Amino acid sequence: MSKPRYLYIDDENGSSEISTLNGFNDTKIVEVTRFNLSAFRNFGSLKKELERACNNNEFDGLIIDLRLDGAGEDRTEFNATAITSELRSISARGDIRSFPVVLCSTEQKIKQTYDSDRTSHDLFDYKLSKSNPEPDWIKISTKLKSLADGYDWIQATKKDPAEIIGINKLDVIDERIVEKLLNFSVTYDFTHFVIKNFFHQTNPLINERTLAARLGIDLDKTPSEVWERFCSSVLDDFRYKGLFAEGWKRWWADGLVNWFSNISDEKLAFLNAENRVKILEAKTGFQELVHASPLKFCTSSEFWSICEGYKVPIDPLEAFKIHTTADLKPWQESKVISLLAILEREGFVDRGLKPHHSEMERIEFIKKEIGL
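This is how it looks when you write it as structure tokens:
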């Protein structure tokens, strides 16, 4: 679809909400219209109206404020979780088509309500923070378009699981993932699994920062146009090309390892960053790639992860697992944080980062070892 249409549902109608609408619509990527919640503040009437609008093809997705039961002039007696849960149930029964639902709220409200209710994490396709003073509307709108296009594509004709995740044969990925995919029948089962397990975690896919870390590349020092050309011309063969690929740039982790082995006869994980980049320069002809260096308090450049605090490469052996509410699958890797980020509390307040409780003893031991 050329320009997906989203309804924006919020109990408030102030300058922040108007800015959100304008931010989306100015991109010309998606069309966002405010929903008249004042006329449908009763749960039953809102449900009925959204069913009607969906069946009449009046929208392609919803952007919904978490606390519809907040202090706004159009407040309801229920929150976004309740109405979204009902819509997902109706869709699963086949009474309406499936569509993306995006959660929109302040960080404070998300921490108070959403984060503590783990069951609600399975309802929404994307979480948008109102607290960000300078949202990247192009990036966010691209994700929303990808979500709407993906939902439309997967429901247009019957797709097999391999086609949905953009591969030729399922036997090239972990059999436990295959088992999950083969057991799905409802559209949202597929969409939710891809977003939660492919995009939010490491393995079987990796994001751009992790890709650069494993190649030993410093993204902040390498010219962005060089990196973009390198990705598009050299790394495209193992780029993820399945459901929602236009909104989330990801690469197959095993594909990277196999590709590097094929061009160099070396094992990527056993090389330091400088040697990785030297091989890349020699084998690909790209001479402007800058190798990454270890963070303060780290010595290894055999990078395989990123520090979640600073979003820079780190050897996971020198890092610490972070606390997460997600239940990691056996094939997924823990996200980590550096000692420097822990000491400087980088991302602790604004992103809720903190070390996993099992790491506290090791953190204190290392601090004593280095005289802190």
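Numbers 13 to 384, taken from the numbering used here, label the letters of the sequence shown in order. All C-beta atoms in this analysis are idealised placements derived from N, C-alpha and C, irrespective of residue type, glycine included. Bear in mind that the values here come from a model prediction, so they are computed numbers and not experimental data.
Neighbour-count burial assignment, residue i, 16 or more Cβ in a 10 Å radius
i	result
residue 206	buried
residue 329	exposed
residue 30	exposed
residue 184	exposed
residue 384	exposed
residue 235	exposed
residue 388	Residue coverage of the chain in this structure runs from 13 to 384, which leaves residue 388 outside it and unanswerable.
residue 157	buried
residue 224	buried
residue 57	exposed
residue 91	buried
residue 181	exposed
Where residue i falls: helix, strand or coil (DSSP)
i	result
residue 248	helix
residue 376	helix
residue 204	helix
residue 278	coil
residue 264	strand
residue 345	strand
residue 332	strand
residue 229	strand
Host beta strand (DSSP E) of residue i (start-end)
i	result
residue 317	317-319
residue 73	73-77
residue 326	324-326
Limits of the unbroken alpha helix (DSSP H) element including residue i
i	result
residue 56	55-67
residue 363	Residue 363 -> no alpha helix (DSSP H), and no H or E assigned at all.
residue 355	351-355
residue 289	285-296
residue 100	92-105
For residue i, the nearest candidate out of the options (CA to CA)
i	options	result
residue 343	298, 210, 300	210
residue 96	118, 67, 63, 24	63
residue 298	290, 305, 228	290
residue 213	331, 317, 296	317
residue 357	58, 322, 333	322
residue 294	352, 276, 239, 223	276
residue 145	160, 155, 118	118
residue 266	324, 216, 137, 362	216
residue 104	197, 27, 192, 93	197
One or two residues paired with residue i in a DSSP bridge
i	result
residue 20	46, 75
residue 214	345
residue 116	77, 140
residue 369	Residue 369 is not bridged to any residue.
residue 30	Partner(s): none; residue 30 has no beta bridge.
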